[in-house]
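Input: a single structure, listed below in structure tokens.
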Amino acid sequence: MQRNPPHMSIIQNRKAFHDYFIEEKLEAGLVLEGWEVKAIRAGRVQLKESYVDWKNGAFWLIGCHITPLQSASTHVNPDPVRPRKLLMSQEQINRFIGKVERAGYTMMALDLHYAKGNVKAEVGLAKGKKLHDKRDTEKDREWQREKQRVMKNQRGAA
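Residue numbers (full-length UniProt numbering): 1 to 158.
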């Protein structure tokens, strides 16, 4: 039996990996309305400016933009950037609160994906990168690409 079955990704927040060191990840459910689920299935969601905030005893996904479909519903007035509650166990909430409040971490939404037919969010504890850290990451990425190119050319020549 697989421990972490592969999930079908809907959207990823690549900017989070560029601007932050992701130290711990967690899967959480989302409280969504019907029109939001339809729009997410159509791929009309954006995580770029989103983050997770602690309010009223729960974690909330703030700034996630879900563009409503034209055919969603005639009697619902959709708000594309409304805060969405994250569903987490109390143990997970307590652990993450301590790190966010005391250790100065930020919680970011890393991606949205399907798990057993439900939309789930992968949330990560993040620490901000300095400019020199971003440059180092970019240098490492370019070096890996160059190394792959050289290896590919050597295999092709042999």
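Where a beta carbon is used, it is the ideal one built from N, C-alpha and C, also for glycine.
Cβ-based burial, residue i [other Cβ within 10 Å; buried from 16]
{"i": "residue 77", "result": "exposed"}
{"i": "residue 112", "result": "buried"}
{"i": "residue 101", "result": "exposed"}
{"i": "residue 139", "result": "exposed"}
{"i": "residue 50", "result": "buried"}
Through-space distance from residue j to residue i, alpha-carbon basis
{"i": "residue 59", "j": "residue 53", "result": "6 Å"}
{"i": "residue 66", "j": "residue 154", "result": "47 Å"}
{"i": "residue 11", "j": "residue 115", "result": "14 Å"}
{"i": "residue 44", "j": "residue 124", "result": "22 Å"}
{"i": "residue 64", "j": "residue 142", "result": "31 Å"}
{"i": "residue 23", "j": "residue 97", "result": "15 Å"}
{"i": "residue 28", "j": "residue 38", "result": "19 Å"}
Bridge-paired residues (DSSP) for residue i
{"i": "residue 21", "result": "127"}
{"i": "residue 66", "result": "45"}
{"i": "residue 52", "result": "61 and 107"}
{"i": "residue 12", "result": "111"}
Three-state secondary structure assigned by DSSP to residue i
{"i": "residue 34", "result": "helix"}
{"i": "residue 84", "result": "strand"}
{"i": "residue 113", "result": "strand"}
Same chain, Cβ closer than 8 Å to residue i, five either side skipped, listed in chain order
{"i": "residue 104", "result": "127"}
{"i": "residue 8", "result": "113 and 114"}
Close Cβ partners of residue i (< 7 Å) along its chain, the five nearest in sequence each way excluded
{"i": "residue 92", "result": "26"}
{"i": "residue 85", "result": "31, 58 and 60"}
{"i": "residue 129", "result": "19, 20 and 21"}
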